[in-house]
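Peer 1: Below you'll find the structure I mean.
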């Protein structure tokens, strides 16, 4: 009985830590991605040299990878492997989009 309760508590701690890290990596990833894409597709001169696009893309790719690794931790251990697959698929698609926006600027 104690092992089952200890395992449930350990899984709960992992899920809470995963949620905190997911927010910690995910929010800056979304902000940097939005800034980079806004720099790419805006018609104004807010980023005349493209530094926001370049550095925003590079930083977003790093934070996105970290987020893709920690987001599946919020799921139960039985569903975590499937969550890793979906998380990496979404990251790869987002990375392709960011890199395409950078290279076509």
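In my numbering, the protein residues as written are -2 to 102.
All C-beta atoms in this analysis are idealised placements derived from N, C-alpha and C, irrespective of residue type, glycine included.
When you compare the CB positions of residue 81 and residue 69, do they come within less than 8 angstroms of one another, or not?
Peer 2: For the purposes of this step, residue 81 is taken as residue 84 along the chain shown, with counting starting at 1. For the purposes of this step, residue 69 is taken as residue 72 along the chain shown, with counting starting at 1. In this structure, residue 69 lies closer than 8 angstroms to residue 81 by Cβ.
Peer 1: Mind checking residue 26: buried by the 16 CB within 10 Å criterion, or exposed?
Peer 2: The residue labelled residue 26 in the question sits at position 29 within the chain shown. Under this definition residue 26 is a buried residue.
Peer 1: Determine contact between the segment 6 to 15 and the segment 49 to 59, defined as no fewer than three beta-carbon pairs at a distance below 8 angstroms.
Peer 2: no
Peer 1: Under the three-state reduction of DSSP, which class applies to residue 6: helix, strand or coil?
Peer 2: Position 9 of the chain shown, counting from 1, holds the residue named residue 6. Three-state DSSP puts residue 6 in a helix.
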